[in-house]
Each structure stands twice: as structure tokens, then as C-alpha cells.
Amino acid sequence: MEYSAITRVITVAAGRFAPGHLGELTQIVPFEMVDEMLAATGAVQSRLRDLPSRVVVYLLLAAALFEGLGYRQVWHRLVAGLTGLAVAHPSDSAMLQARRRVGVKPLRALFDLLRHPGMAAAVWWRGLLVCAIDGTVMSAPDSAANLAWLSKQAGNHGGSGYPLIRVVALVACGTRTLLDAVFGSIGAGEIACAHRLLRSLHRTMIVLGDRNFDVAALYQAIKATGADLLIRVKSNRKLVVLQRFRDGSYLSQAGGVQVRVVECEISIATAAGRHTGMYRLATTLLDPGRYPALDLVKLYHSRWEIETCYLELKSTILGGRVLRARTPAGVAQEIYALLTVYQVLRIAIADAAHHAGIDADRGSFTIALNAARDQLIQATGVIADTVIDLIGAIGHQVLANPMPDRRLRVSPRIVKRAISKYQARGPNINRTSYKATLSIDILAPPTP
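Residue numbers (the working numbering): 15 to 462.
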């Protein structure tokens with residue numbers, strides 16, 4: 015019987031800093047970046063410990079990669095590839111004190127530095143950066159400290175079992191990267207949170223939103239930033255017809271902002287039947303020649319990219335679990351780490367897709383996540399070699415297993431979790447996903 019011997023050479027930081035890495039993702043979040051954020055927020059350790067502040071930041075990010083594990087198990091994965099090096103074996107108490115010592119500010123600063131749309135032509139539509147805004151909720155541990163900040167949601171069957179955190183994000187639709195995100199108690203509504211995201215809006219950007227964001231004050235606030243908007247209008251809003259256009263849209267006003275309104279009928283046909291819905295969209299893009307009504311309806315479909323973003327955060331990474339932290343500061347620290355790890359994975363996917371010349375949405379987030387976990391456990395790719403691979407091991411795995419071209423499919427939107435603020439709709443729901451065909455009819459505007 016023949017055998018093969020494999021010798022690995024890895025390069026990591028020296029001494030007590032060696033466990034501080036994120037595998038290949040360290041090249042996106044390098045030591046210098048973390049050190050700069052620690053210095054800027056005053057979180058550098060006063061004396062060199064077994065857990066320097068830089069190592070603690072990478073521990074928090076690694077914990078976001080392994081959300082189903084406790085911090086001790088996460089630490090074991092950080093040092094698994096460091097065979098032969100003298101590494102610390104901190105206790106649970108030591109790790110807790112280290113996390114509290116570092117605090118929230120370095121994680122928040124790191125996320126702020128990394129939030130950007132990434133490299134992809136699909137992010138842009140006719141010179142405009144396409145982004146979507148929407149909210150979701152996450153569950154925190156049911157501790158007294160968390161309940162002093164957060165609250166539970168009432169519901170038809172007794173309400174939520176855990177305190178809930180509202181997260182509202184601004185997402186670049188082409189790459190599903192995060193442009194900004196805020197969070198807090200569910201006592202603050204999505205509209206109030208959306209106003210906190212206005213800092214990230216600018217000219218040459220168009221914001222897509224569902225009916226919940228059809229609010230006059232938000233129209234005015236978005237317009238004041240110079241950004242354009244495309245928002246679905248509530249069915250009970252009455253809009254005056256000021257002028258008709260040849261493409262079927264018409265000029266109107268909403269919240270004191272001049273908008274162009276497109277009314278359409280969208281039909282989806284599957285083997286199970288046909289469903290038709292009525293849509294009204296309001297946009298600040300007033301030129302029907304440059305931005306035809308039909309193209310705006312098709313563009314609005316991109317809003318669903320933010321739903322996929324939340325699916326990847328809450329299902330793929332978190333696995334539907336409750337967060338770990340039992341204090342408000344710990345919850346904030348964990349959420350910023352979660353958002354940062356999601357962002358660096360999306361950057362890795364977008365960079366690989368850009369170099370391969372394919373759409374970023376063909377990169378599998380699950381494959382990228384598992385590849386990043388493998389690289390972390392092996393401590394490979396921590397520091398770039400002299401010959402730089404622009405794609406990396408994570409990117410190569412993503413490109414080797416691309417998702418198929420986008421297909422039009424429909425799936426019922428139903429409650430599947432046992433603990434939900436919504437009432438389950440019974441066992442007789444057809445849960446089959448169907449291939450579908452789509453037809454769009456622009457409706458004539460009402461009489462002025």
C-alpha cells in the first residue's frame with residue numbers, strides 16, 4: 015500500500031496574536047484594518063494579554079461564521095491549524111471579560127468601513143446605483159438585561175417567545191452587499207429606522223421600497239438627499255393626475271414631492287393556475303423617454319434581492335437560531351460582527367464574479383460560507399503569498415459551483431417556524447415551488 019505525505023506551510027501573526035485571524039477572509043479584513051479601528055475607538059489593550067484586542071475582534075468575527083457554536087468551540091477552530099505554536103487556552107470567563115473590554119465601537123467602525131456595493135456592473139441601472147430598503151427582526155436571549163432594552167411582540171397565539179430586534183438595511187441589489195444597516199428595539203418602526211439610513215443616500219442612487227415605505231415624510235427625506243426612489247404605493251392612497259405620458263404613466267404628487275406613477279397588472283401563470291395582482295409604483299424619475307414605465311416595473315422586481323439578503327443572514331448563517339448575547343452591549347457587538355462577516359463573504363463573491371465576468375447572484379452564499387469556515391479551521395490564506403491570487407480559494411470554490419441562471423419561479427410565502435408572531439395557516443397549504451411565466455400590462459391612467 016502506498017502513502018502520501020502532505021506538508022503545509024502557513025503564515026500567521028507572531029506570538030499571542032497568532033490566533034487572531036479569519037482564514038482567507040483576513041485578506042479582506044487585514045490586521046492593519048483591525049488595529050486602525052481599535053486605535054480609533056480607544057480599544058487597544060493597555061498591556062499585552064493572552065487575548066489581545068485584535069485577537070478578540072477576530073474571535074467575534076469567527077463566532078459569526080460559526081453561529082451554532084459557543085465561544086470556546088469557536089476558539090478551538092481558530093487554533094486548530096496552528097499546530098506547533100504555543101497558543102493560549104483562555105477560560106470562558108477570560109473570553110467574556112475580553113469581549114466586554116473591547117466593546118461595541120470597534121465592531122461598528124469595522125462594519126462602517128466595509129459597507130459598500132462591491133464590484134459588479136449589475137449594481138447599476140442607467141447610471142443609477144440600484145438599492146433596496148427593508149426591515150426584518152432577529153431574536154435575542156430572554157434575559158432580564160435584554161428585556162430592559164428590547165420587548166416581545168404580541169401575536170395571535172401568545173406572541174414571540176424571545177425579545178426581538180428590528181434590523182433595517184440598505185442593500186445594493188446587484189451584489190446583495192450592505193450599504194448601511196441600523197437596529198434597535200421593535201418599538202421603533204421601520205420608517206423611523208429608515209430615516210437613520212439617509213446618511214448613506216446620495217445622487218446617482220435609486221431606492222426601491224415596498225408599500226410600508228409609502229410615507230410622505232420619507233418621500234421628502236429621500237428626495238432631499240438627491241437620491242431617486244421607486245416605491246410601491248398603498249392601495250388606499252389617492253393620487254391626482256396632473257399629466258399623462260405616452261408610456262401609460264402619469265405625473266402626480268406624493269408628500270409634496272413630484273412623482274411619476276405607473277399602474278400595472280402583473281399576472282403569474284404556473285401549472286397550478288394563474289394569479290393576477292395590481293401594482294402602483296411611484297418614482298421621482300420623471301422622464302418617460304429615458305425611464306419607460308415597463309422598464310420601471312421590471313426594475314422594481316430587484317427589490318426582492320434584499321429578502322434574499324435577510325434569508326442568508328437569518329437562515330444560512332444563523333440557522334434560525336437566537337443570538338448568543340445576554341446583554342444589550344453584547345447583542346450590539348454580535349449583530350455588528352454578523353453584519354461584517356456577511357459583508358466580507360458578499361465582497362468575496364462579488365470580486366470572484368467580477369473577475370470571471372458573471373453576475374454576482376450566480377455565486378452561492380452557502381458555498382462561500384462553508385469554504386470560509388474551512389479556510390479558518392486550517393488557518394490558510396491568512397496572509398497573501400508573494401504571488402497574489404485575486405480570486406482566492408473561496409472564490410475558486412464559488413466559481414466551480416455556480417448557481418444556474420436566474421429562473422422565474424414562485425413559492426408560497428407562508429409561516430414555517432413554530433415560534434412566530436404570525437398565525438400558522440394550516441397543513442393544507444400547497445408548498446410546491448413552480449416554474450412560472452410572467453406578463454405585465456401597463457394600465458391607462460385615470461381621468462385627470
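Where is the CB? At the ideal position from N, CA and C, for every residue including glycine. Note that this is a predicted model, so its numbers are computed, not measured.
Please name the residue in the options whose C-alpha comes closest to that of residue i.
i, options, result
"G104", "A346, G95, H90 and C323", "For the sequence presented, residue 104 should be read as Pro rather than Gly. For P104, the nearest C-alpha among the options comes from H90."
"A339", "D126, M152 and L99", "M152"
"T290", "R217, E279 and I397", "E279"
"S263", "M15, H35, V48 and L457", "L457"
"Y314", "Y324, P33, I245 and G203", "I245"
"T451", "T341, G371, L300 and A286", "A286"
"I349", "A364, T150, K252 and V101", "T150"
"Q167", "A158, A159 and L178", "L178"
"A183", "L164, L215 and G175", "L215"
"R114", "G377, T341 and T297", "T341"
"V43", "A102, A159 and I397", "I397"
"Y324", "I147, A27 and V71", "I147"
"L310", "L74, A57 and I220", "I220"
"L193", "N160, S199 and V185", "V185"
"R22", "C187, Q392 and F197", "Q392"
"D455", "D419, I331, A307 and Y448", "A307"
"E326", "Y356, R304 and V345", "Y356"
"G303", "R140, I320 and G203", "R140"
"L352", "A102, V181, Q111 and E16", "V181"
"W318", "F197, Q59, R190 and Q257", "R190"
"A57", "F45, A162 and K119", "K119"
Three-state secondary structure (DSSP) at residue i?
i, result
"S447", "coil"
"E16", "coil"
"T452", "In the sequence on display, residue 452 carries Leu and not Thr. In this structure, L452 counts as strand in the three-state DSSP scheme."
"A432", "Summary for A432: the model assigns pLDDT 48, below 50, so the residue's position carries little reliability; its value from the coordinates is reported in the next sentence. It is coil, neither helix nor strand."
"S153", "strand"
"I86", "Reading off the sequence, residue 86 comes out as Arg, not Ile. Residue state, collapsed to three classes: helix."
"L99", "coil"
"E46", "helix"
"F80", "coil"
"I24", "coil"
"R258", "strand"
"I331", "helix"
"L457", "coil"
"V311", "helix"
"L74", "helix"
"V181", "strand"
"L62", "coil"
Between which two residues does the alpha helix (DSSP H) harbouring residue i extend?
i, result
"S199", "S199 -> not in any alpha helix (DSSP H); beta strand (DSSP E) instead, spanning T191 to S199."
"Q392", "F379 to Q392"
"A364", "P342 to A370"
"S107", "D106 to V116"
"A407", "G406 to A414"
"Q234", "A230 to A238"
"R122", "K119 to L128"
"A206", "E204 to H209"
"L322", "With the sequence shown as reference, residue 322 is identified as Thr, and Leu is not the correct amino acid for it. First-last of the alpha helix (DSSP H) with T322: E319 to L325."
"A158", "A158 to W163"
Could you tell me which residues DSSP puts in a beta bridge with residue i?
i, result
"G223", "I245"
"A145", "Strictly speaking, residue 145 in this sequence is Cys, with Ala absent from that position. A186 and V221, per the DSSP bridge assignment."
"Q267", "Q272"
"L36", "E38"
Which stretch, first to last residue, makes up the beta strand (DSSP E) that contains residue i?
i, result
"C278", "V271 to T284"
"T297", "G287 to T297"
Cβ of residue i versus every heavy atom of the ligand ATP: is any distance shorter than 7 angstroms?
i, result
"L192", "Because no ligand of any kind appears in the structure shown, any question about the ligand ATP cannot be addressed here."
Using 8 angstroms for Cβ pairs, my map puts residue i next to residue j. What's the rounded Cβ distance?
i, j, result
"D228", "K248", "5 angstroms"
"R68", "G34", "5 angstroms"
"V273", "Q267", "7 angstroms"
"L121", "Q347", "5 angstroms"
"A123", "T55", "6 angstroms"
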